[in-house]
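Under this note's numbering, think of the first position of the sequence shown as 109, with each following residue one higher. A virtual CB, placed ideally from N, CA and C, is assigned to each residue, including glycine. Everything numeric in this text was worked out from a predicted model, so none of it was measured.
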Amino acid sequence: MDKLLITGGQPLAGELRISGAKNAALPILAATLLSDKPVSVGNIPHLHDITTTLELLGQMGVDLMVDEKMNIEVNANHINKFEAPYELVKTMRASILVLGPLLARFGEAHVSLPGGCAIGTRPVDIHIDSLIKMGANIQVEAGYIHATAKRLIGCHLLLDKVTVTGTENILMAAALADGVTIIENAAKEPEVTDLAHFLNKMGAKITGIGSDILTVEGVERLGVENLRYEILPDRIETGTYLVAGAITRGRVKLKNTDPRILDAVLVKLREAGADIECGDTWIELNMHGKRPKAVNIRTAPYPAFPTDMQAQFTALNSVADGIGLITETVFENRFMHVQELLRMGAQIKLESNTAICSGAEHLTAAPVMATDLRASASLVLAGLVAQGETLVDRIYHIDRGYDHIEEKLTQLGATIRRVPN
Ligand code: EPZ
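Written as structure tokens, this is what we have:
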């Protein structure tokens, strides 16, 4: 397994281009299953999870063409298998996103139950219960969700919890259902909004986009000639590189992004002392060489502070001036990075779902181990500022969600390289 070797102490400076959003590309690629016309999707990030998704669609019989710029042409008219097998789902939980579209368009889906992961049990009960309420017949046995439906029926759903992929699965199912579906307590993440815009471009009739009440008037079919859709920028990749600039007291400019979709992160970076300027498609952070100030964070569904930025801010607080409290309210076990940061000299105390961070003057490099996607990002960030050479192991986690991370950090002046096992 590859590792990343990072020599810390260098304030980052420079600019880089942000990739398309992983968590928008995954549902939008799944949604192409609904279309009876070929669809072209652009600004797809070059990530392992995307490769897994293409493999998943390909083994169903979907025709795929990928060009060198990662523009993907999808034709879902020759599908001959309605299955998401365990060997693929176990590597990427988001495979559950084919359940709604397969059921809605083909009336059949056999999807392996996605297991839990390092950050939590990750149940899909809301996905399943909602589809049953829409008329699906669902049996869960031998680790698989077996679903059939003559035609899904629109209905009024009030979701017990805000669930991003749950909302996405229901949206895709409702697009071809008979009648109107109302989704109350829907997730409002920008990636859900991007999916809804994509579905409407294919001919769906979704209103309330961006709010927590989505109304979907089901249609007979989806697909338009020559549809080409560009994925929105990745707000979590953007936030991660902004923290890289802040933690190293540097100055970074990120292009091809959108400051409007990560407001909560920008508010907290300004509280940490960052000087931030924004344009329509760019964000510049400048620390003017100053040490960041500690900030208090409480994660919650959008537009509150994103759980996917919690680990990165735990690393930032580890070297900040003062005491910062970080409370995780979305997942039950999303502090796996803390143990590794402690090995680098961080002073963090865990009390229930809150990390109490007392900023250290500096961190010391150490061999550390990534446990999940965002935890691995926080260890890389800590390595950028630690004295010495930090070796981050199990970085297959990071390759799932960050497009060419060492090239991008090198562009900002970091000393980082991938070392084979
Ligand atoms: C999505 O996961 C993202 N993944 C996650 O990003 C992100 O952390 C999460 O949303 C929260 O923003 C993708 O979009 C592919 P949830 P998802 O359903 O949809 C509970 C990353 O780093 N819940 O919104 O799986 C669940 O246990 C990844 O890119 C149920 O109880 O998360 C959790 O406590 C990590 N029953 C809460 O809801 C359900 O049926 C939010 O989970 C579904 C969810």
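Check residue i in the structure and name its three-state DSSP category.
i	result
Val-438	coil
Pro-341	strand
His-186	coil
Gly-150	strand
Pro-528	coil
Asn-245	strand
Leu-377	helix
Arg-508	coil
Lys-398	coil
Thr-273	helix
Asp-388	coil
Pro-475	strand
Glu-497	strand
Val-403	coil
Ser-220	strand
Thr-415	helix
Ala-368	The sequence given here has Arg at residue 368, not Ala. Helix, per DSSP.
Asp-233	helix
Ala-121	strand
Val-360	strand
Ile-114	strand
Quick one: Cα of residue i to Cα of residue j, how far?
i	j	result
Ala-402	Ile-187	52 Å
Gly-128	Ile-152	5 Å
Lys-309	Ile-180	17 Å
Glu-111	Ala-212	In the sequence under discussion, the amino acid at residue 111 is Lys, which differs from the Glu named in the question. Going by the C-alpha atoms only, they are around 42 Å apart.
Tyr-504	Glu-515	16 Å
Gly-251	Ile-204	13 Å
Arg-525	Tyr-349	17 Å
Met-173	Ala-295	31 Å
Leu-520	Leu-239	46 Å
Leu-134	Gly-397	38 Å
Ile-290	Thr-523	51 Å
Pro-400	Ala-244	52 Å
Ala-285	Val-272	20 Å
Thr-315	Val-324	7 Å
Ile-355	Ala-121	12 Å
Lys-258	Phe-214	9 Å
Val-288	Leu-260	11 Å
Between which residues of its own chain and residue i is the CB-CB distance below 7 Å, once the five residues before and five after are set aside?
i	result
Thr-365	Ile-126, Pro-341, Thr-346, Thr-389, Trp-390, Ile-391
Glu-436	Thr-407, Thr-415, Gln-418, Arg-442, Phe-443, Asn-461
Leu-196	Thr-160, Glu-163, Leu-164, Ser-203
Going by beta carbon distance, what residues of the same chain come within less than 6 Å of residue i, once the five residues before and after it are set aside?
i	result
Ala-217	Phe-190, Leu-207, Leu-210, Leu-211, Ala-255
Ala-202	Leu-134
Looking at residue j and residue i, is the spacing between their C-beta atoms short of 8 Å?
i	j	result
Ile-538	Val-493	Nothing in the structure corresponds to residue 538, since the chain is present only between 109 and 529.
Met-242	Ala-139	no
Ala-428	Gly-467	yes
Gly-509	Lys-130	yes
Glu-292	Ile-321	yes
Ala-490	Thr-479	no
Ala-483	His-512	no
Next on the checklist: Going residue by residue through the region 419-471, where are the continuous beta strand (DSSP E) segments of at least 3 residues, counting only ones entirely within it?
Outcome noted: As far as the region 419-471 is concerned, its whole beta strand (DSSP E) runs of at least 3 residues are 431-435, 455-459, 462-466.
Item to check | Inside the region 250-336 only - alpha helix (DSSP H) runs reaching at least 4 residues | outcome: Entirely contained in the region 250-336, the alpha helix (DSSP H) runs reaching 4 residues are, in chain order, 272-283, 298-309.
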